[in-house]
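There are 2 protein chains.
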Amino acid sequence: MRALSRAADGGKQVTSSHEMGEHLGISPAQIRKDLSHFGEFGKQGTGYNIEHLSEQLRRILGVEQEWAVAVIGAGAIGKAIVRYGGFSGRGFRVAAVFDNDPGKIGRSINQLEVLSTERLGSTVRQREIRVAMLAVPAEAAQRVVEKLVEAGVEAILNYAPVSLIVPSPVYVRHIDPVIALQHMTYYLAQKPA
Amino acid sequence: MRALSRAADGGKQVTSSHEMGEHLGISPAQIRKDLSHFGEFGKQGTGYNIEHLSEQLRRILGVEQEWAVAVIGAGAIGKAIVRYGGFSGRGFRVAAVFDNDPGKIGRSINQLEVLSTERLGSTVRQREIRVAMLAVPAEAAQRVVEKLVEAGVEAILNYAPVSLIVPSPVYVRHIDPVIALQHMTYYLAQKPA
Chain A
372 MRALSRAADG GKQVTSSHEM GEHLGISPAQ IRKDLSHFGE FGKQGTGYNI
422 EHLSEQLRRI LGVEQEWAVA VIGAGAIGKA IVRYGGFSGR GFRVAAVFDN
472 DPGKIGRSIN QLEVLSTERL GSTVRQREIR VAMLAVPAEA AQRVVEKLVE
522 AGVEAILNYA PVSLIVPSPV YVRHIDPVIA LQHMTYYLAQ KPA
Chain B
372 MRALSRAADG GKQVTSSHEM GEHLGISPAQ IRKDLSHFGE FGKQGTGYNI
422 EHLSEQLRRI LGVEQEWAVA VIGAGAIGKA IVRYGGFSGR GFRVAAVFDN
472 DPGKIGRSIN QLEVLSTERL GSTVRQREIR VAMLAVPAEA AQRVVEKLVE
522 AGVEAILNYA PVSLIVPSPV YVRHIDPVIA LQHMTYYLAQ KPA
């Protein structure tokens, strides 16, 4: 999707696995192989129609619709998430922000009022929220997750540096910059400074 | 490391692949297999000595030392990174913050002065920074990366929603919440709401 957006921004209508691969740092063969799992999208020698492939990928990723997302925690990370410009046009919209700090409740971030976590269940149901991003302190994370699952949230992106226990139909992914950094220092440590 | 920290916090000295797996949502067999790539750390039936295994993992991950990290961009995401409490004790320390906005330069975030990006090269060398976190707008990212590479930075964690081109000895990883969300909505889209 990134590579297609970039090619489309450049005014192109057609792209190739070679061009996408160069942009993404992935081999053209890998791109062709990955896409082939889902169908046939291009023709040998003529490349991919950008609009058609984008549409198909949006459908596959489930982002032809826009998902309403709840952000839990209005601290530094929560605020950065709510203000993040990268959601729009990519399938997601922040539909509610929650915190339990009376000093934060009632304030606005990007024209969205911070709600008390006491209103989490009712708001999630009203606004048809199935996805949440968790930006609370590690020690609060598991408790909040239980509330989210009870409210019917089915996918949680967790920024708290702690693993979570959820019932099996609920999806969890973690965003932990330290783990991403360690992936790189593992290699750096093996070569001289 | 997360599972070991949690077990240690709970006052334990020994843990098992079963216990770690439960905490992380990974099978015990997978944990044993992954660890076996690096050596023998536990004994059948007696489990893993937490302190010993932590030490070995820190060495393997290259975080027995502390890495000085530069943060580029003092907007919402950059600020959240600098204030993030999860680095300490896990191998990283934010050693410098940069921005090119005169309104931000000279201000402090977590007692760290925001420096002009003009001072990037000299500061990176002085403070022996090999790792950077990039939190600038997408359209500025590639330009900043070139400055970082020129200054000698070897690993870049990119928060800008754009792919980067770097020379091959430099490592890049991306943190893009939308991609993490799409990993989950791919599954959600396949089941009824």
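Keeping their order, the protein sequence lines are chains A and B.
Residue numbers for the first sequence follow the working numbering, beginning at 372 and rising by one.
Residue numbers for the second sequence follow the working numbering, beginning at 372 and rising by one.
For glycine and all other residues, C-beta sits at the position ideal for the given N, C-alpha and C.
DSSP, reduced to helix, strand and coil, places B:I527 within a strand of the structure shown.
The three-state reading of DSSP puts B:Y455 in coil, since its state is none of H, G, I, E or B.
Counting along the chain, no beta strand (DSSP E) covers B:H408, and no H or E run does either.
Among the residues of chain B, none has a CB under 7 Å from the CB of A:H423; the nearest is roughly 19 Å distant.
In terms of CA proximity to B:I448, B:L528 leads the group B:L528, B:R403 and B:E411. Here A:I452 is buried: its Cβ has 16 or more other Cβ atoms, across all protein chains shown, within 10 Å. Rounded to whole angstroms, the Cβ separation of B:V502 and B:A531 is 16 Å, and the two are not in contact under 8 Å. For the 8 Å CB-CB criterion, A:M372 and A:S407 do not form a contact.
DSSP places B:L535 outside any alpha helix (DSSP H), giving it a letter other than H or E. For A:P532, the residues of chain B that pass the 7 Å Cβ criterion are G457, in the order they occur in the chain. Under the three-state reduction of DSSP output, B:A445 falls in the coil class, being neither helix nor strand.
Interface annotation, B:T386: not in contact with chain A, CB-CB separation never under 8 Å. Only those residues of the stretch 514-527 of chain B whose C-beta falls short of 7 Å from the nearest C-beta of chain A are listed: E525 and A526. B:T417 has a beta carbon lying at 8 Å or more from every beta carbon in chain A. For the pair of segments examined, the stretch 453-463 of chain A was found to touch the stretch 543-560 of chain B: the number of CB pairs separated by less than 8 Å reaches three.
The beta-carbon distance between A:R464 and A:I480, rounded to whole angstroms, is 14 Å. This is too long to meet the 8 Å contact definition. In chain order, I443, L486, T488 and L491 place their CB closer than 6 Å to the CB of A:F469, counting only its own chain and leaving out the 5 sequence neighbours on each side. With a contact defined as Cβ atoms closer than 8 Å, B:G396 and A:S534 qualify at about 7 Å. Straight-line spacing of the CA atoms in A:N420 and A:L375 works out to 10 Å. The alpha carbon of B:T386 has as its nearest neighbour, out of B:D405, B:K414, B:P473 and B:S493, the alpha carbon of B:K414. The beta carbon of A:L483 sits no closer than 8 Å to any beta carbon of chain B. Each residue's CA atom was taken as its position, placing B:G416 and A:I536 some 26 Å apart. Under the 8 Å criterion on CB atoms, A:I500 is classed as non-interfacial with respect to chain B. Only exposed fits A:E484, as fewer than 16 other CB atoms lie within 10 angstroms of its CB. Going by C-alpha positions, B:D405 is about 30 Å away from B:L559. Taking C-beta separations shorter than 8 Å and ignoring five residues to either side along the sequence, the partners of B:L428 in its chain run M372 and L375, following chain order.
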